[in-house]
Amino acid sequence: MAKYKTLALVFAALFLTTISFSQEAAKTDSTAGGVDQSKTDPASQYSEADRPEDNYLAKFHANDVVEKLMKTNLDQIFTLNVIKENYKDTHGDWQEDYKKCYDGYKVGVDLFYRRNIVYARVKLEENKKMINQFYQKISDAYKKDTLEMLNLCANNILELTLDSKSAADPKKNKVLFHNKMRLRVAYGQLDDAERQRSDEIYATSIFHYRVAKTYAIRILEEINPKEFRGKYDRDKADNRNRIWDPNKKTTASEYTNLKEDEPMPK
C-alpha cells in the first residue's frame, strides 16, 4: 500500500512539473521567436475606452487610409535613411530615431498583410506622427545650417560689392549680379521653409532648406572657390537626396561645368 502511495506522489509531481514547463514554454514562445500577441491580437494593447471600432464600416474607411500611408510613410523613411547616413557623425542620435520610425512602419504593414486593416491604420497613423516628430528634429538642424551658410553668403557678397574692381570689371560685375539674385532666391526658400514649419509640415520644410543650401553653396563656391570648394560636398549630395561618399571627391571639371539651373535639386 505504501508502495502505491509513493508511485502516486511521483506521478503527481511529474504532472505538475510538466504543466509548469508547458506554461513557461508558451510564455517564452509568445515573447521571443514565436507568435507575438501584438500581431495576432493587437486589440489587447488597448483599453475598452481607447480600442478603435473594428466593424465593416471601419474596415472600409481604413482601407484607403492604409494604402496611402504605406506609400507616403515609406517614401519619407527612405529620405530619412539618406539624411541619417549623411550626418551620422554629427547627429548620432538620429540613428535611434530612424530605427523607431522604421520598426513602427514594419508593425503597421505587418498587420496589413495579416488582413488586420483597422489596426494597421492605427499603427501607420502612429508611425506618421513619429516620422513627423523626427523630421521636426532634422528641420531644426537644417535651419541652423542654412542660416549659417546664408550669413556667409551675405558677407562674401558684401565684400565683393565693396571691391572697387567689381564695378570696372564686367566679369566680376556679372558674378556679383548673379549671386545677389541667388541669395534673394535662397532667402525666399528659407521663408517657405518657415511657413511649412509653422504648419508643422516638417518634411516639406526639409525640401526648402535643401534648395536654399544648394543656392548658398553655389554662391560661396563661385565667389570664393579657394575656401569653399569641397567644403560642402556632403551637403551637396544630401541636397540631391543621395548618400554622401567621402571617398569620392568632386573634380575641377564638375565645378566648372555646372549649369545655371543646377541648384534646383531633382
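Sequential numbering from 3 applies to the sequence shown in my numbering. Glycine included, each C-beta is placed from N, C-alpha and C at the ideal position. Please read all numbers here as calculations on a predicted model, not as lab measurements.
Of the candidates R236, K250 and R242, the residue whose Cα lies closest to the Cα of T92 is R236. With respect to P44, L154 sits apart: the two C-beta atoms are not nearer than 8 Å.
Here H63 carries a helix assignment [DSSP, helix/strand/coil]. Residue ranges of uninterrupted alpha helix (DSSP H) with 4 or more members, entirely inside the segment 159–184 and ordered along the chain, are 166–170. Taking the CA atoms as reference points, W96 sits about 12 Å from I79. Within the same chain, and ignoring the five residues on either side of N88 in sequence, the residues whose Cβ sits closer than 7 Å to its Cβ are R236, A239, D240, I245 and W246. Restricting attention to K101, N118, E127 and Q138, the CA atom closest to the CA of Y211 is found in Q138. 8 Å or more divides the Cβ of S141 from the Cβ of R197. A Cβ-Cβ separation of about 7 Å places K215 in contact with D147 under the 8 Å criterion.
Buried is the label assigned to K86, since at least 16 other Cβ atoms lie within 10 Å of its Cβ.
In the same chain as R123, and ignoring 5 residues on each side of it, the C-beta atoms closer than 7 Å to its own belong to A64, V67 and V68, in chain order. By the Cβ neighbour-count rule, S166 is exposed, with fewer than 16 other Cβ atoms within 10 Å of its own. Taking a C-beta distance under 8 Å as the contact criterion, L152 and L192 qualify as a contact pair. One alpha carbon belongs to I208, the other to R117, and they sit about 34 Å apart. Rounded to whole angstroms, K61 and Y100 show a C-alpha spacing of 29 Å. In the displayed model, I85 falls within a helix according to three-state DSSP. In the DSSP assignment, T92 falls outside any alpha helix (DSSP H), carrying neither H nor E. Inclusion of R184 and Y217 in the CB contact set at 8 Å is warranted, their separation being smaller than that value. Looking at L126, N83 and A169, the one whose alpha-carbon comes closest to that of M72 is L126. The three-state reading of DSSP puts D247 in coil, since its state is none of H, G, I, E or B. Between the alpha carbons of I133 and D171 lies a distance of about 51 Å. Under the DSSP assignment, K233 falls outside any alpha helix (DSSP H); it carries neither an H nor an E label. Counting along the chain, E224 sits inside the alpha helix (DSSP H) bounded by residues Y204 to I225. The three-state secondary structure of N129, taken from DSSP, is helix.
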